[in-house]
């Protein structure tokens, strides 16, 4: 399965600079004036997924919400610090205290929140479904 997360914007080039140049996501492709829309595809490394941002059309972009997050596990503090510097984005206080303890929250040009985490994503043990405790430690699989 492949996944694409798509979001509409009135700030397409600003978002490209933030996500591609700041966060370091690779640009996979783009389109212009496709049925009145422009857009760009960005890779989410280590996944089988990518982001799509589109501009144009007659619909307004969505409103950001403080609990709508894109969480990126960058692996270490140095990478988080370098990424924050490259984006030039303002660090903000997250709504959820978990992310205050475990990451750095930035605002993208549309006001959506991006959390940069200095650790690797916790992977479940085994092949079955599992859940995680609020501190990120794996709990017992659900029946």
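Numbering (my numbering), first residue to last: 4 to 146.
Beta carbons are placed, not taken as given, at the ideal position from N, Cα and C, and that holds for glycine.
Check: Tell me whether residue 8 is buried or exposed, calling it buried when 16 or more other Cβ atoms sit within 10 Å of its Cβ.; Outcome: exposed
Check: Rounded C-beta distance between residue 92 and residue 109? I'm assuming under 8 Å.; Outcome: 4 Å
Check: Going by the beta-carbon positions, is the gap between residue 54 and residue 72 smaller than 8 Å?; Outcome: no
Check: If we ignore side chains and look at the alpha-carbon of each, how far apart do residue 14 and residue 80 end up?; Outcome: 29 Å
Check: Return the chain-ordered list of same chain residues with a C-beta closer than 8 Å to the C-beta of residue 22, the five sequence neighbours on each side being excluded.; Outcome: 28, 45, 54, 56 and 111
Check: Pull up the distance between the alpha-carbon of residue 6 and that of residue 52, whole angstroms please.; Outcome: 5 Å
Check: Please confirm whether residue 104 has its beta-carbon closer than 8 Å to some beta-carbon of chain B.; Outcome: Looking at the structure shown, chain B is missing, and only one protein chain is on hand.
Check: Out of curiosity, what's the CA-to-CA distance linking residue 153 and residue 117?; Outcome: The chain is shown only over 4 to 146; residue 153 falls outside these bounds and no answer can be derived.
Check: Which value, in whole angstroms, describes the spacing of the CA atoms of residue 115 and residue 67?; Outcome: 5 Å
Check: Could you tell me which uninterrupted beta strand (DSSP E) segments, each at least 3 residues in length, are contained entirely in the region 57-117, listed from first to last along the chain?; Outcome: 72-76 and 107-110
Check: Sort 78, 69, 60 and 35 by Cα distance to residue 12 and report the nearest one.; Outcome: 60
Check: For residue 10 versus residue 65, is the C-beta spacing smaller than 8 Å?; Outcome: yes
Check: Give a yes or no on whether the C-beta atoms belonging to residue 25 and residue 34 are separated by under 8 Å.; Outcome: no
Check: Taking residue 30 as the reference, give the member of 16, 96 and 95 with the closest Cα.; Outcome: 16
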